[in-house]
Amino acid sequence: MIHKYKLNGYNIVLDVHSGAIHIVDDTFYEILDVITDEKGNLKYTDLNECENEVLKHFEGKVSKEDILEVFGEVKELIENDVLYSKDDYEQYANMMVASPIKAMCLHVAHDCNLRCKYCFASTGDFGKGRKLLDAETGKKAIDFLLKYSKGRRNLELDFFGGEPLMNFDVVKEVVEYARSKEKEYNKVFRFTMTTNGVLLDDEKIEYLNKEMSNIVLSLDGRKEINDQIRPAVNGKGSYDIIVPKYQKLVKQRGVNEGDYDQYYVRGTFTKHNLDFSKDVMHLNELGFDQISVEPVVSPEYEDYAITEKELPRIFEEYEKLAVDMINLKKQGKGFNFFHFMIDLEQGPCAIKRLRGCGCGNEYVAVTPDGDVYPCHQFVGMEDWKMGSVNDLSVDFEKKDYFAKSNVYGKEDCKNCWAKFYCSGGCNANSLQYAGDVLKSHKISCELEKKRLECAIMIKAAMAEEE
Amino acid sequence: MKHIKTLNKANLKKTATTGGCGECQASCQSACKTSCTVANQKCEK
Ligand code: SF4
Ligand code: SF4
Ligand code: SF4
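The listed protein sequences correspond, in order, to chains A and B. For the first sequence, counting from 1, position 129 maps to 1519 in my numbering; every step adds exactly one. For the second sequence, counting from 1, position 12 maps to 14 in my numbering; every step adds exactly one.
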């Protein structure tokens, strides 16, 4: 299967199953038009038949000699298995199933000090009442992870909420407890936190920069955009409170090395700021160079919802952002935009790419009550509860169900050109908006594919520079 | 080749035979947190 497209003056061809990316000239591209069917496969298995079709198509337009020269290159790529290469991954499907639980989202606070309008957690309490995790349950969550991670060495724990800094003492206790077990169990914990920043102070910044391998700092971009949708409980905007704190945190974090220098300033865009590339640029102007701004996912009836109608405008904006970023990069002023980051050489192995997000299988979420859910987006959906850290129980039937939700378990994804980069999307969104974990959420798919096209185009543009 | 330029070594198939150890980061794609598209993650091997 191939996927080909034109963007910003480049003719780009992705050979899906080998991962090869080719930049081709117009004639080459037109030949591919002639010999590719609507699914991205070769129209004829016999290359001679392809050749005849191509000659017929170009007759009277380009000389036979010239066409045969280009077609020769097409053939060479096919023979080298980097064009229309076969899908022989299904044989690995058995490697994409059940795995130990090695990552956890720990909800230390089902409470929040902001009232973001698009919050999927119903202003922090997931519809279940405001509650903080106690240290004892937090430690049991660690025991749970130690037990079910079996042979996996690298364990991940994300402190999440609501707003995790509302329960900072328990965060510290849980970290200390986990660290005290690392040697005995031969594990390495990687802690991360997702915070809205309101409660950051010097002490917390120092602590987080020491203990968290990655920090996600929420901020939506321009002040008026952020404050409109991310007000505090008293209705005032959050921008002025948090921006200086983030700047301080990031500046101090900069001196860390290796695993502990990661951070993201991340925002959400909605229908109200479809010109979100301005928010990305604004975040960069504030001094941040690790930026993620993502589309809101919500029911269609919300006034801020992104629906199919908004897609063309958003595509345009992504393209604009990509071109702006190329220009900055060329001036040596580049920054990372999370969704345009793509590693064409040393990315994860194909198995990892096809395995999916791992929710309910290698990743779970734990609530302040100690209940285990497939992931943070499932929290509060009673039917999906799948265990408890209090008695270290796991519903293995549910776990197996999620293990099967890999790319080859999803009909739409199996035949999608983006599968090695998207990994099958978000199961929770699929369930909520497409009605089934194994279906795909169309709007998310379209956005994901557009971002990928832009990300690859940026690579093409930068390769030209070299 | 005159009409095409390949940007990368296409080694995806090879990685399938050697990979799958599961030691790398989980890859949540949701819009509410770390949101890791797999393609920008690192292999731990
Ligand atoms: S660590 Fe590397 S080889 Fe192992 S599953 Fe992840 S990407 Fe694949
Ligand atoms: S979720 Fe959508 S974009 Fe992603 S692999 Fe599946 S069909 Fe493709
Ligand atoms: S289901 Fe969605 S939110 Fe949950 S872990 Fe997977 S990608 Fe993330």
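Note that CB positions come from ideal geometry on N, CA and C, so glycine has one too.
message = With the cut-off set at 8 Å, would you say A/Asp1610 and A/Met1583 are in Cβ contact?
response = Here residue 1610 of chain A is taken as the residue at index 220 of the first sequence, counted from 1. Here residue 1583 of chain A is taken as the residue at index 193 of the first sequence, counted from 1. Their beta carbons are not under 8 Å apart, which means A/Asp1610 does not touch A/Met1583 by this criterion.
task = Count the other C-beta atoms from every protein chain shown that fall within 10 angstroms of the C-beta of A/Pro1758, then say buried if there are 16 or more, exposed otherwise.
result = Translated into the one-based positions of the first sequence, residue 1758 of chain A becomes position 368. Using a 10 angstroms sphere on the CB of A/Pro1758, the tally of other CB atoms reaches 16 or more, which defines it as buried.
query = Does the Cβ of B/Met3 have 16 or more other Cβ atoms within 10 Å, making it buried, or fewer, making it exposed?
reply = Along the second sequence, read from residue 1 onward, the residue named residue 3 of chain B stands at position 1. Exposed is the call here.
task = Would you mind telling me which residues of chain B sit closer than 9 Å to A/Gln1736, beta carbon to beta carbon, in chain order?
result = As a first step, residue 1736 of chain A is located in the first sequence; it is residue number 346 there, counting from the start. Correct list: Lys44, Cys45.
inquiry  = Rounded to the nearest angstrom, what separates B/Leu14 and A/Pro1738 at their Cα positions?
reply    = Mapped onto the second sequence, residue 14 of chain B falls at position 12. Mapped onto the first sequence, residue 1738 of chain A falls at position 348. When rounded, the distance between both Cα atoms is 9 Å.
request  = Would you check if the segment 1623 to 1631 of chain A and the segment 1668 to 1678 of chain A touch, i.e. whether three or more CB-CB distances between them fall below 8 Å?
outcome  = no
query = Should A/Gly1737 be listed as close to ligand 2, given that the test is whether its C-beta is under 7 Å from any heavy atom?
reply = Along the first sequence, read from residue 1 onward, the residue named residue 1737 of chain A stands at position 347. Exclusion of A/Gly1737 from the 7 Å shell around ligand 2 follows from its C-beta lying no nearer than that to any non-hydrogen atom of the ligand.
request  = Along the beta strand (DSSP E) that carries A/Lys1394, what are the first and last residues, could you check?
outcome  = Working through the first sequence from its first residue, we reach residue 1394 of chain A at position 4. That run of the beta strand (DSSP E) goes 1392 to 1397.
task = State the Cα-Cα distance for the pair A/Lys1788 and A/Met1776, rounded to the nearest angstrom.
result = Residue numbering aside, residue 1788 of chain A sits at position 398 when the first sequence is read from its first letter. Residue numbering aside, residue 1776 of chain A sits at position 386 when the first sequence is read from its first letter. Cα to Cα, the separation comes out at about 7 Å.
task = With 8 Å as the threshold, decide whether the Cβ of A/Met1485 is near any Cβ in chain B.
result = Your numbering for residue 1485 of chain A matches position 95 in the first sequence. A/Met1485 counts as touching chain B.
Other residues of its chain near A/Ile1411: CB distance less than 8 Å, five sequence neighbours each side excluded = Here residue 1411 of chain A is taken as the residue at index 21 of the first sequence, counted from 1. Answer for A/Ile1411: Ile1402, Val1403, Leu1404, Asp1405, Leu1734, Ile1846, Lys1849, Ala1850, listed in chain order.
inquiry  = Which same chain residues end up closer than 8 Å to A/Asn1819 when comparing Cβ atoms and leaving out the 5 residues on each side of it in sequence?
reply    = Residue mapping note: residue 1819 of chain A aligns to position 429 of the first sequence, counting from 1. Closer than 8 Å at the Cβ level, and outside the excluded window around A/Asn1819, lie Val1687, Gln1767, His1831, Ser1834.
query = Taking the alpha carbon of A/Glu1443 as the point to measure from, which residue in A/Cys1803, A/Asn1431, A/Thr1426 has its own alpha carbon closest?
reply = The residue given as residue 1443 of chain A occupies position 53 in the first sequence. Answer by Cα proximity: A/Thr1426.
Cβ contact check for the segment 1480 to 1490 of chain A and the segment 1518 to 1529 of chain A: 3 or more pairs under 8 Å = no
inquiry  = For a test of the three-state rule: what should DSSP assign to B/Asn10, helix, strand or coil?
reply    = By 1-based counting over the second sequence, the position of residue 10 of chain B is 8. B/Asn10 falls in the coil class under three-state DSSP.
task = Mind checking who A/Glu1546 pairs with in its DSSP beta bridge?
result = Walking along the first sequence from the start, residue 1546 of chain A turns up at place 156. A/Glu1546 pairs with A/Ala1493, A/Arg1580.
key: A/Asp1790 vs A/Ser1778 beta-carbon contact at 8 Å   = Sequence index remark: in the first sequence, residue 1790 of chain A carries index 400 (1-based). Sequence index remark: in the first sequence, residue 1778 of chain A carries index 388 (1-based). Not a contact, by the Cβ cut-off of 8 Å.
Inside the segment 1596 to 1645 of chain A only - beta strand (DSSP E) runs reaching at least 3 residues = Secondary structure in the segment 1596 to 1645 of chain A: the beta strand (DSSP E) runs of 3 residues or longer, each lying completely within the stretch, are 1602 to 1608 in chain order.
ask   = Excluding sequence positions up to five away, which residues of its chain have a Cβ less than 8 Å from the Cβ of A/Tyr1479?
value = By 1-based counting over the first sequence, the position of residue 1479 of chain A is 89. Same-chain partners within the cutoff: His1407, Ala1740, Leu1744, Tyr1798.
ask   = Who are the neighbours of A/Ile1741 on chain B, taking C-beta pairs under 7 Å?
value = In the first sequence, counting from the first residue as 1, residue 1741 of chain A sits at position 351. Within 7 Å Cβ-Cβ: Ala18, Gly21, Gly22.
query = If A/Phe1705 and A/Val1683 are in contact, beta carbons under 8 Å, what's the gap, nearest whole angstrom?
reply = In the first sequence, residue 1705 of chain A corresponds to position 315, counting from 1. In the first sequence, residue 1683 of chain A corresponds to position 293, counting from 1. A/Phe1705 to A/Val1683, Cβ: 15 Å. No contact.
task = Determine the direct distance from the alpha carbon of A/Lys1723 to that of A/Tyr1395, and round the result to whole angstroms.
result = The sequence position of residue 1395 of chain A within the first sequence is 5, counting from 1. The sequence position of residue 1723 of chain A within the first sequence is 333, counting from 1. Roughly 28 Å separates the two Cα atoms.
ask   = Who does A/Asn1484 pair with in a DSSP beta bridge?
value = Walking along the first sequence from the start, residue 1484 of chain A turns up at place 94. Looking at the DSSP assignment, A/Asn1484 forms no beta bridge with any residue, so it has no partner.
request  = Classify A/Val1636 as buried or exposed, calling it buried when 16 or more other Cβ atoms lie within 10 Å of its own Cβ.
outcome  = For this step, residue 1636 of chain A is matched to residue 246 along the first sequence. The displayed chain sequence assigns Tyr, not Val, to residue 1636 of chain A. With 16 or more Cβ atoms within 10 Å of its Cβ, A/Tyr1636 is classed as buried.
task = For A/Thr1417, go through chain B and note every residue whose CB falls closer than 8 Å to its CB, in chain order.
result = Here the question's residue 1417 of chain A lines up with position 27 in the first sequence. Ordered by position in chain B, the residues that pass the 8 Å Cβ test against A/Thr1417 are His5.
query = Rounded C-beta distance between A/Gly1551 and A/Ala1493? I'm assuming under 8 Å.
reply = As a working note, residue 1551 of chain A is residue 161 in the first sequence. As a working note, residue 1493 of chain A is residue 103 in the first sequence. A/Gly1551 to A/Ala1493, Cβ: 17 Å. No contact.
Exposure label - A/Glu1596; buried when at least 16 CB within 10 Å = Residue mapping note: residue 1596 of chain A aligns to position 206 of the first sequence, counting from 1. Per the 10 Å Cβ criterion, exposed.
request  = With 8 Å as the threshold, decide whether the Cβ of A/Asp1405 is near any Cβ in chain B.
outcome  = The residue given as residue 1405 of chain A occupies position 15 in the first sequence. Cβ-Cβ to chain B under 8 Å: yes for A/Asp1405.
key: Cβ-heavy atom distance, A/Cys1747 to ligand 2, below 7 Å   = Counting from 1 along the first sequence, the entry for residue 1747 of chain A is found at position 357. No, the beta carbon of A/Cys1747 sits no closer than 7 Å to any heavy atom of ligand 2.
key: Interface flag, A/Ala1851 vs chain B, CB-CB below 8 Å   = Along the first sequence, read from residue 1 onward, the residue named residue 1851 of chain A stands at position 461. Chain B, which has no Cβ nearer than 8 Å to the Cβ of A/Ala1851, makes this no.
task = Report, in whole angstroms, the separation of the C-beta atoms of B/Ala31 and B/Gln43, which I expect to be a contact under 8 Å.
result = The count along the second sequence starts at 1 and reaches residue 31 of chain B at position 29. The count along the second sequence starts at 1 and reaches residue 43 of chain B at position 41. At residue 31 of chain B the sequence reads Gln, which differs from the Ala that was named. With a Cβ gap of about 11 Å, B/Gln31 and B/Gln43 do not count as contacting.
key: Best match in A/Gln1618, A/Glu1546, A/Ile1457, A/Glu1428 for proximity to A/Leu1504 [C-alpha to C-alpha]   = Translated into positions along the first sequence, residue 1504 of chain A becomes position 114. Closest option to A/Leu1504, Cα to Cα, is A/Gln1618.
query = What's the C-alpha gap between A/Glu1707 and A/Lys1529?
reply = The residue labelled residue 1707 of chain A in the question sits at position 317 within the first sequence. The residue labelled residue 1529 of chain A in the question sits at position 139 within the first sequence. If you take the alpha carbons of A/Glu1707 and A/Lys1529, they lie about 45 Å apart.
key: chain B residues whose Cβ lies nearer than 7 Å to that of A/Tyr1482   = Taking the first residue of the first sequence as 1, we reach residue 1482 of chain A at position 92. Here the neighbours are Ala18.
query = Within 7 Å: the Cβ of B/Cys23 and any heavy atom of ligand 1?
reply = Your numbering for residue 23 of chain B matches position 21 in the second sequence. The beta carbon of B/Cys23 sits closer than 7 Å to at least one heavy atom of ligand 1.
inquiry  = Check whether chain B comes within 8 Å of A/Arg1703, counting only Cβ atoms and requiring the distance to be less than that.
reply    = To locate residue 1703 of chain A, count along the first sequence from 1; it is residue 313. No, because no Cβ of chain B sits closer than 8 Å to the Cβ of A/Arg1703.
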